[in-house]
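Working notes for the structure below.
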Amino acid sequence: MSQPTGPASQGHAHKQPAPPPDLMDVTLTINGSRKTLRVAPWTSLLDALRLHLDMTGTKKGCDHGQCGACTVLVDGRRINSCLTLAVMAEGRTVTTIEGLASGDALHPLQEAFVEHDAFQCGYCTPGQICSAVGMLEEGHARTDDDIRELMSGNLCRCGAYPNIVAAIRQVMDSQAQKDGGKP
Amino acid sequence: MRAFSYDRPDSVDAALRGVANQPGTTTEAAVKFVAGGTNLLDLMKADVMRPDRLVDISRLNLDKIEEVDGGGLRLGALARNSDTAYDARVQARYPMLSKAILAGASAQLRNMATNGGNLLQRTRCYYFYDTGTPCNKREPGTGCGALTGVNRIHAILGASDHCIAVHPSDMCVALAALEAIVRVTGPKGERTIPFADFHRLPGDTPHIDSTLAADELITAIDLPAKGFAEHSTYLKVRDRASYAFALVSVAAALELDGQTIRTARLALGGVAHKPWRDPAAEAELAGKPASLENFREASRVLLRDAKGQSHNAFKIGLAERAIVRALAEAAGVEHP
Amino acid sequence: MIAKPTIPDPLERSNPRPGAQIGKPVSRVDGRLKVTGGAKYAAEFNTPGLAHGYIVSSAIARGRILAIDTSKALALPGVFQVFTHQNRPSLPWFDRKWKDDDAPKGSPFRPLYDATIHHALQPIALVVAESFELARYAARLIHVTYEADEHQTDLHAASADAFTPGKDKGGFQPPPKPRGDADKALAEAEVSVDLDFTQAVEHHNPMEMHASTVIYHNDGTLTVHDKTQGPINTQTYVCNVFDLSKDAVRVISPFVGGAFGSGLRPQHQLFMAVLAATTLKRSVRVELSRPQMFSFGHRPEALQRVALGAKKDGTLTAVIHEAVQETSQTENYVEVVVNWSGQQYKCDNVRLDYKLARMDTHTPLDQRAPGAATGVPALEIAMDALAAKLGMDPLELRLKNYTEVDPNTGKPFSSKELRACFQQGAERFGWHKRSHAPRSMREGRQLIGWGMATGVWDAMQGQAVASARLGIDGTLTVGSATADIGPGTYTAMTQIAADILGLPIDRVSFQLGDTNLPMAPLQGGSWTVSSVGSAVKAVCDRLRDKLAGLAVGLNDGPLKGLKADDLHFADGCLIAKSDPSWRLSITEVMRANDLLVLEDEARSIPYYKSQMQHALGTHSAIFAEVRVDEDLGTVQVTRVVSAVAAGRIINPKTARSQVLGAVVWGIGMALEEETMTDQRLGRFMNHDFGEYHIPVNADVHDIDVIFVEEHDDIVNPLGAKGVGEIGIVGVPAAIANAIYHATGKRLCDLPITVDKILGA
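These protein sequences, in sequence, are chains A, B and C.
Per full-length UniProt numbering, the very first residue in the first sequence carries number 1; after that it's consecutive.
Per full-length UniProt numbering, the very first residue in the second sequence carries number 1; after that it's consecutive.
Per full-length UniProt numbering, the very first residue in the third sequence carries number 1; after that it's consecutive.
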């Protein structure tokens with residue numbers, strides 16, 4: 001029995017393939033510094049960071065928006081960098097895990113993650129932390145259950161969830177204390 | 001991802017010129033709009049969608065949420081799902097919609113995904129995503145893999161022998177129940193599409209998801225004044241507590257006169273190729289007391305033509321229970 | 001005479017943490033790297049000119065490739081090569097060249113070897129291009145024509161031809177011979193249960209997708225960054241398959257983004273990357289896609305039967321456990337899921353049968369607690385069913401049949417504090433408040449259930465070598481070629497070394513993940529602390545003895561004349577036990593002996609003799625609370641208490657995390673994880689994170705971990721048994737038993753999804 005169906009045999013197979021796309025200039029402000037890079041339109045923001053800029057702190061866990069390991073902040077909002085084209089981020093401000101600490105001083109969430117052992121293998125961790133930064137900024141989490149729900153876009157196969165919640169809770173509480181109970 | 005070119009026009013008119021003269025529906029188009037990118041780029045990486053060109057509309061001025069005459073609300077097509085869900089007016093007047101949006105995807109994806117894009121989400125059918133398998137939606141004429149394959153997550157209503165895929169959106173289920181209006185613009189000017197007519201059933205052309213033409217752009221979604229804020233809910237049943245598509249979801253909205261139902265709206269997600277509404281089931285409730293018994297009867301009417309496949313027959317009973325639960329919650333009826 | 005170096009004594013000024021380091025909840029020493037994005041994983045070593053590979057996967061499950069048309073891919077500028085079975089270089093013919101340290105009996109899979117398709121998603125071509133996106137694009141342009149044969153991927157059907165394997169894989173013994181007559185005893189039992197179980201296929205799905213970056217050096221040597229649980233295993237495989245000398249292949253994998261068994265065998269991305277690098281003579285990276293993470297080993301599907309007979313007082317009179325699991329057509333993967341059923345409880349009539357059925361899938365692969373994770377829940381659900389039938393508290397039934405010796409072998413346990421686990425776990429959970437009737441607790445539409453189960457895992461030890469280098473500045477560097485896939489090996493080894501030499505943690509660094517370091521076995525089976533930790537202890541003991549000898553020999557020193565045993569090590573000093581004011585710092589001892597460094601290497605060898613005379617294992621008691629939505633069939637695991645007896649705990653903070661994580665795995669196993677096969681296509685269908693559900697944050701609530709004190713001089717010199725696996729074993733049973741208690745429904749097919757709860 002002959003089966004002609006192959007992974008790439010369908011549809012456009014008869015057409016001559018288009019050549020690789022032309023490169024475009026993209027300027028981004030990443031962790032405070034302006035970067036211009038030349039990328040093809042098909043390059044995701046994630047691959048631009050990891051491959052073009054050698055900023056490998058942002059992780060690729062699925063490349064399809066199903067795990068959250070690639071979470072970065074664009075104009076202050078947490079997003080999946082795997083589902084954003086670098087060219088679409090033109091002119092935007094991008095914050096990655098490499099940009100959270102100030103010098104030797106870790107971001108409070110980074111400190112709390114270490115203290116609460118909120119990771120094991122560490123691969124989802126940059127995404128978890130960036131996501132938590134975004135979540136605290138959004139300001140919709142009040143309870144531990146809120147944290148659990150609003151952090152559910154970040155899978156952790158090591159199952160560090162209870163420690164992740166504890167770490168975020170600690171930072172949330174200390175921020176609330178600093179704000180003197182302001183809403 | 002196949003090779004494609006990229007363009008970022010700075011006006012709606014320029015965007016429309018980018019897709020001008022494309023025949024057929026937007027599903028089939030070779031030039032695609034991209035805004036949030038959360039579904040399109042995913043499908044392009046999976047080699048399921050292969051546009052020649054992307055027209056980036058994400059910066060067009062269509063991201064507002066505004067009051068409209070007559071008491072409704074206009075949701076800009078490019079307003080982000082998260083901004084829509086947390087908008088104070090949406091939360092106060094259309095809590096069912098807010099709840100539905102927040103039941104979908106993840107916080108990150110909701111920060112990216114736009115309202116217009118949410119309507120154009122494509123199915124999560126395994127076969128649609130796996131180019132090594134047959135799928136009439138991805139490649140017409142190859143057959144439906146799910147029909148004889150793994151179909152636990154598939155349709156129980158409105159399916160055909162050509163396709164048993166379901167629409168994955170939560171937001172759309174609430175929009176269907178609210179009878180939202182989709183505003184689109186194209187070469188012939190603006191037009192509106194009632195929500196019930198926006199998505200299609202698969203029939204023998206399952207490769208077409210919606211009635212939006214290939215040269216048209218969604219500009220906004222209008223919510224009618226009636227938001228059922230008092231008595232409505234969105235209930236989603238899934239395989240894990242969050243970040244999963246619905247096995248079954250229910251948008252239930254009631255207008256009550258004391259304990260009597262004046263109007264009922266009921267839409268199901270996860271069960272059909274489009275958000276499923278049935279006027280007969282809603283009519284069944286009108287004028288009757290808000291009781292579990294009547295809710296059960298309405299669910300039976302709604303599901304009267306439901307048909308299970310080898311792995312998903314459980315969805316029929318589940319949908320029935322979910323409908324009753326959602327209506328009871330909307331009505332504030334105590335479950336024994 | 002050598003002038004004494006004028007090095008200040010940093011130990012005198014450092015901030016010493018007095019006392020022992022072992023047993024302290026030290027924060028991960030690599031924590032900072034992990035939270036700042038500084039930890040580099042296999043796909044994160046970039047180099048100029050790096051080429052990228054993308055794999056093409058088979059569309060059919062069994063048959064042959066008739067033709068592969070690569071012309072369109074090769075026509076694209078920037079595509080360097082497409083590798084297929086047709087243009088691959090010469091590769092070894094003998095199976096032994098393809099074997100790795102975790103290979104079972106049989107013929108290992110050989111990528112791109114010939115036109116044969118053994119399983120769906122099999123890698124059949126590799127595109128190498130100047131960019132990742134281009135390689136992926138070009139891969140889509142490859143046209144493959146197949147000739148498909150009939151395939152078998154249905155375990156129920158395949159089990160008709162099941163066979164009894166031998167000792168086909170390291171670490172697993174065939175079942176013991178039957179004791180007594182279990183079938184007769186079952187038939188005559190006053191009370192009995194007889195249940196069938198299914199366990200779905202599960203994929204490891206570590207967050208980091210498998211990747212290998214091969215750096216090609218001008219002299220033809222390679223540096224390989226591979227996602228592996230054993231750098232030496234990777235090196236050996238590459239050398240054997242590609243006929244390279246060990247000098248030519250160095251593996252450096254300092255961080256591994258989870259593995260859970262997936263990195264125990266070299267996966268095909270390694271082969272592909274080395275093939276491309278050596279052929280093209282350039283550096284190449286190959287990273288699998290998430291769907292391709294379903295193209296190699298998995299936890300095998302299992303069909304099981306457990307039948308128990310008992311007297312009315314709960315005394316077990318019969319235990320029967322039969323299981324059939326899948327394996328591939330070419331290798332005999334065994335994990336003998338039944339053996340623990342003969343070990344857990346005292347019973348005179350026991351029959352354990354284990355069979356394999358061949359299917360057209362990739363060879364299964366060890367996944368967290370292989371065997372026990374599948375088999376023990378079946379026994380433990382059956383025990384719960386028996387308790388229900390007897391009208392007995394499930395915990396009482398277990399205590400009634402408690403055993404101090406391993407009934408499979410008659411040997412005593414080297415240590416077994418399971419009673420303490422039951423007692424402390426039950427107390428923490430509040431088990432005594434349980435009303436035993438099913439469906440007796442509810443809140444609105446939520447049925448609440450409490451269930452419990454026992455867990456067990458083997459305590460194992462392998463040989464390992466560690467090196468140590470103590471500098472006169474008081475810094476100690478210890479190394480061994482093990483991995484740290486997440487348990488905290490860097491931290492635990494650092495603690496062991498610091499403890500023995502009385503050094504502060506920040507003076508000690510541990511190196512791993514590099515084949516230039518001394519030999520260590522694969523990281524798996526919870527044996528790293530036991531194996532590598534013992535080697536670290538051994539080498540540090542040697543340094544300690546040397547230092548002590550030098551110190552007591554110093555003529556004008558305060559310790560002169562004392563014996564080595566009269567000293568202890570703390571704060572970077574050697575201190576007389578009799579008078580703590582008599583002390584010398586390590587730096588002083590070395591300086592006085594004209595030593596700049598002190599180096600050594602030591603091998604840990606298990607206590608074979610005493611270990612042979614004992615049964616070695618970790619034990620646990622798990623208590624779970626669930627809330628089941630009666631209408632919708634959804635389950636929430638609201639509370640879990642896991643009480644673990646695993647010997648000495650080196651680091652309670654990281655060990656707790658391991659058990660927490662394993663409980664999360666147990667939740668996934670009980671309720672969510674299942675790779676579904678389209679039998680007509682012979683293909684896994686839900687091959688992504690959207691549809692293969694692992695627990696998310698919202699699925700996980702209160703988890704309480706107790707480490708029960710347990711002393712053991714036999715398992716290894718540290719007395720530590722390891723906690724990587726024990727945390728998962730039994731958890732699915734505790735949850736399934738809680739669901740029974742909540743609903744009255746006895747569900748034996750894992751995962752217990754909404755449809756099963758509603759359907760039962």
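A virtual CB, placed ideally from N, CA and C, is assigned to each residue, including glycine.
Quick caveat, the model's predicted, so the values are computed rather than measured.
Tell me, to the nearest whole angstrom, how far the beta carbon of HIS52/C is from that of SER131/C; I am working on the premise that it is less than 8 angstroms.
-> Indeed, because the Cβ distance is near 6 angstroms, the residues count as touching under 8 angstroms.
Taking ALA267/B as the query, report the chain C residues whose CB atoms sit under 7 angstroms from its CB, ordered along the chain.
-> Correct list: empty, because the minimum Cβ distance to chain C is about 18 angstroms.
Close Cβ partners of GLY6/A (< 6 angstroms) along its chain, the five nearest in sequence each way excluded = Because the pLDDT at GLY6/A is just 41, under 50, the model does not fix this residue reliably, and the point stays unresolved.
Only counting runs of 4 or more residues, tell me where the alpha helix (DSSP H) segments fall wholly within the stretch 390-452 of chain C, in order along the chain.
-> 394-400, 418-429, all fully within the stretch 390-452 of chain C.
By DSSP, does GLU334/B sit in helix, in strand, or in coil?
-> Three-state result, GLU334/B: coil.
Report the partner residues of ASN332/C according to the DSSP bridge assignment.
-> DSSP, once it has assigned bridges, lists LYS105/C as partnering ASN332/C.
Which residues mark the beginning and the end of the beta strand (DSSP E) in which ASP713/C is found?
-> Per DSSP, ASP713/C belongs to no beta strand (DSSP E) and is neither H nor E.
Under 7 angstroms Cβ to Cβ from SER106/B, same chain only, skipping five residues before and after it: list those, please.
-> Around SER106/B: TYR243.
Would you check if the stretch 226-238 of chain B and the stretch 732-743 of chain C touch, i.e. whether three or more CB-CB distances between them fall below 8 angstroms?
-> Look at the beta carbons and you see the stretch 732-743 of chain C not touching the stretch 226-238 of chain B: under three pairs across the two are nearer than 8 angstroms.
Which partner residues of SER192/C appear in the DSSP bridge assignment?
-> Beta-bridge pairing links SER192/C to GLY309/C.
Those residues which DSSP pairs with ILE485/C across a bridge = Note: ILE485/C sits in no beta bridge, so no partner.
Own chain, CB closer than 8 angstroms to PRO407/C, minus 5 neighbours either side, in chain order = The residues are ARG179, GLY342, GLN343, TYR345, LYS346, CYS347, VAL350.
Note down the Cα distance separating ARG17/C from PHE113/A, rounded to an integer number of angstroms.
-> Confidence at ARG17/C is low in this model, with a pLDDT of 37, below 50, so its placement is unreliable and the value that follows should be read with caution. When rounded, the distance between both Cα atoms is 23 angstroms.
Let me know if ASN15/C comes out buried or exposed under the rule of 16 or more other beta-carbons within 10 Å of its beta-carbon.
-> Reliability fails at ASN15/C, whose pLDDT of 35 lies under 50, so the model's placement of it is uncertain and no value is given.
Using the Cα positions of THR84/A and LEU141/C, report the straight-line distance between them to the nearest angstrom.
-> Each residue's Cα considered, the two are about 24 angstroms apart.
Note the first and the last residue of the continuous beta strand (DSSP E) segment covering CYS172/B.
-> Unbroken run through CYS172/B is the alpha helix (DSSP H), 171-178; no beta strand (DSSP E).
Closer than 7 angstroms, Cβ to any Cβ of chain A: which residues of the stretch 96-125 of chain B, in chain order?
-> Under the 7 angstroms Cβ criterion, the stretch 96-125 of chain B contributes SER106, ALA107, GLN108, LEU109, ASN111, MET112.
How is CYS163/B classed by DSSP in three states: helix, strand or coil?
-> DSSP places CYS163/B in strand when its eight states are reduced to three.
CB TRP582/C to CB PRO558/C, shorter than 8 angstroms?
-> Yes. Within cutoff.
Spell out the partners DSSP gives HIS225/C in its beta bridges.
-> When beta bridges are read from the DSSP output, HIS225/C appears opposite THR213/C.
State yes or no: is the beta carbon of ILE97/A nearer than 8 angstroms to at least one beta carbon in chain B?
-> With its beta carbon at least 8 angstroms from every one in chain B, ILE97/A lies outside the interface.
Residue-level contact to chain C via CB, HIS335/B, 8 angstroms cutoff = Chain C contact via Cβ: present.
Could one say the Cβ of VAL664/C lies closer than 8 angstroms to chain A's Cβ atoms, at least one of them?
-> So, interface residue.
Work out the CA separation of ALA42/C and residue 773/C for me, nearest whole Å.
-> Residue 773/C falls outside the range modelled here, since chain C spans only 1 to 760, and no answer is possible.
In this structure, what does DSSP give as the bridge partners for VAL128/C?
-> For VAL128/C, the beta-bridge partners assigned by DSSP are GLY53/C, GLN81/C.
Sheet register partners of ASP25/A (DSSP bridge) = Listed as beta-bridge partners of ASP25/A by DSSP are ARG38/A.
Going by Cα to Cα distance, which pick from SER82/B, LEU43/B, THR260/B is closest to ASN294/B?
-> Among SER82/B, LEU43/B, THR260/B, the Cα nearest to that of ASN294/B is on THR260/B.
Identify whether PRO108/A lies in helix, strand or coil by the three-state DSSP scheme.
-> PRO108/A: helix per DSSP, three-state reduction.
Of all Cβ atoms in chain B, is any one closer than 8 angstroms to the Cβ of ASP102/C?
-> Chain B places no beta carbon closer than 8 angstroms to that of ASP102/C, leaving this residue out of the contacts.
Going along chain C, which residues have a C-beta under 7 angstroms from CYS67/A?
-> Listed along chain C, the residues sitting closer than 7 angstroms to CYS67/A by beta-carbon distance are MET207, PHE689.
Determine whether the Cβ of GLY759/C lies closer than 8 angstroms to any Cβ atom of chain B.
-> At a cut-off of 8 angstroms, the C-beta of GLY759/C has a neighbouring C-beta in chain B.
Is the shortest distance between the beta-carbon of PRO377/C and the beta-carbons of chain E less than 8 angstroms?
-> Protein chains in the displayed structure are A, B and C, and chain E is not among them.
Can you have a look at GLY227/B and say buried or exposed, based on whether 16 or more other CB atoms are within 10 angstroms of its CB?
-> Looking at its Cβ environment, which holds 16 or more other Cβ atoms inside 10 Å, GLY227/B is buried.
Verify the CB distance criterion: does ASP631/C have a CB-CB separation below 8 angstroms to chain B?
-> True, the Cβ-Cβ gap to chain B drops below 8 angstroms.
So is SER242/B in contact with chain C if we call contact Cβ pairs under 8 angstroms?
-> Flagged as an interface residue toward chain C: SER242/B, by a C-beta distance shorter than 8 angstroms.
Beta carbon of PRO174/C, beta carbon of LYS184/C: below 8 angstroms?
-> For PRO174/C and LYS184/C, no; Cβs fall outside 8 angstroms.
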